[in-house]
């Protein structure tokens with residue numbers, strides 16, 4: 009795991025120096041990438057440095073620490089904030105919890121306890137990154153499942169990548185790539201396959217005419233349907249039905 013980036017925020021230089029010198033960041037797979045002495049500077053450093061963890065006092069000039077966290081959450085929701093303060097006040101603790109502060113530590117800092125806090129943070133941030141990395145894959149799986157279900161429900165209609173793009177509010181090229189990456193075939197091959205499966209079931213289970221089977225399978229022109237069917241199955245739809253009847257209705261379909 010790469011080192012976690014830490015920003016120290018406190019208006020007292022000696023406090024910041026104490027954190028840098030008295031705590032073994034290296035042993036906890038962390039590095040201090042910056043410091044800030046007031047709220048406005050903290051906001052700017054958070055934007056520029058994008059730290060994983062911000063260690064911050066509440067009582068800092070210009071803008072207090074809780075306000076800094078509130079504003080930072082808007083743009084950087086995944087940063088972990090640890091409050092280090094001399095204030096043992098329930099109202100501060102309550103507000104800190106509301107802002108989803110990772111931990112609230114009182115001064116003077118016990119660095120052994122602080123180390124435990126950092127180690128817990130490492131685990132939490134690692135798990136979040138794993139989930140975040142997996143999320144796009146899960147999203148793609150959900151998307152392709154939704155699209156294939158839509159295809160099954162609308163086989164009788166005209167279906168193109170443009171139709172799907174409008175229905176699912178996506179780029180047609182992206183949908184095309186999804187079929188190749190998630191299913192392993194291109195969109196047209198997949199659509200043709202499920203249309204042929206639908207046609208075969210209709211041919212064997214109903215007395216619909218070839219033109220009606222073609223229409224319910226998504227082909228407005230039965231001649232086009234017959235041509236596609238023969239290319240797919242090696243015989244015409246009529247022959248497919250006759251062969252089934254000639255064998256006494258025994259079929260693996």
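Numbering (our numbering), first residue to last: 9 to 261. Ideal placement from N, C-alpha and C gives every residue a C-beta, glycine not left out.
#1: How about residue 82 and residue 66: do their beta carbons lie closer than 7 Å?
#2: What are the partner residues of residue 89, as DSSP defines its beta bridges?
#3: Helix, strand or coil: which one does DSSP assign to residue 216?
#4: Can you name, in chain order, every residue of its own chain whose Cβ lies under 8 Å from the Cβ of residue 167, other than the five neighbours on each side?
#5: What is the rounded straight-line gap between the Cα of residue 241 and the Cα of residue 254?
#6: Within the same chain, show all residues whose beta-carbon is closer than 7 Å to that of residue 48, passing over the 5 residues directly before and after it, in chain order.
#7: Reducing DSSP to helix, strand and coil, say where residue 44 ends up.
#8: In this structure, does DSSP put residue 111 in helix, strand or coil?
#9: State the DSSP-derived secondary structure class of residue 20, mapped to helix, strand or coil.
#10: Going by C-alpha distance, which of 203, 157, 55 and 35 is nearest residue 42?
#11: Label residue 248 either buried or exposed according to how many other C-beta atoms from any shown protein chain fall within 10 Å of its C-beta, with 16 as the threshold for buried.
#12: Let me confirm a value: residue 18 is counted as buried when at least 16 other C-beta atoms fall within 10 Å, else exposed. Which label applies?
#13: In whole angstroms, what separates the C-alpha of residue 231 from that of residue 204?
#14: Using CA atoms only, rank isn't needed, just tell me which of 30, 44, 26 and 12 is closest to residue 38.
#15: Using a 10 Å radius around the Cβ and a threshold of 16 neighbouring Cβ atoms, would you call residue 24 buried or exposed?
#16: Going by the beta-carbon positions, is the gap between residue 221 and residue 207 smaller than 7 Å?
#17: Does the beta-carbon of residue 213 have 16 or more other beta-carbons within 10 angstroms, so that it is buried, or is it exposed?
#18: Over the uninterrupted alpha helix (DSSP H) stretch that includes residue 82, give me the two end residues.
#19: Which word fits residue 31, buried or exposed, when buried means at least 16 other C-beta atoms lie within 10 angstroms of its C-beta?
If we stick to the structure as given:
#1: no
#2: 62
#3: coil
#4: 159, 199 and 226
#5: 17 Å
#6: 70 and 71
#7: strand
#8: strand
#9: coil
#10: 55
#11: buried
#12: buried
#13: 14 Å
#14: 12
#15: buried
#16: yes
#17: exposed
#18: 73-83
#19: buried
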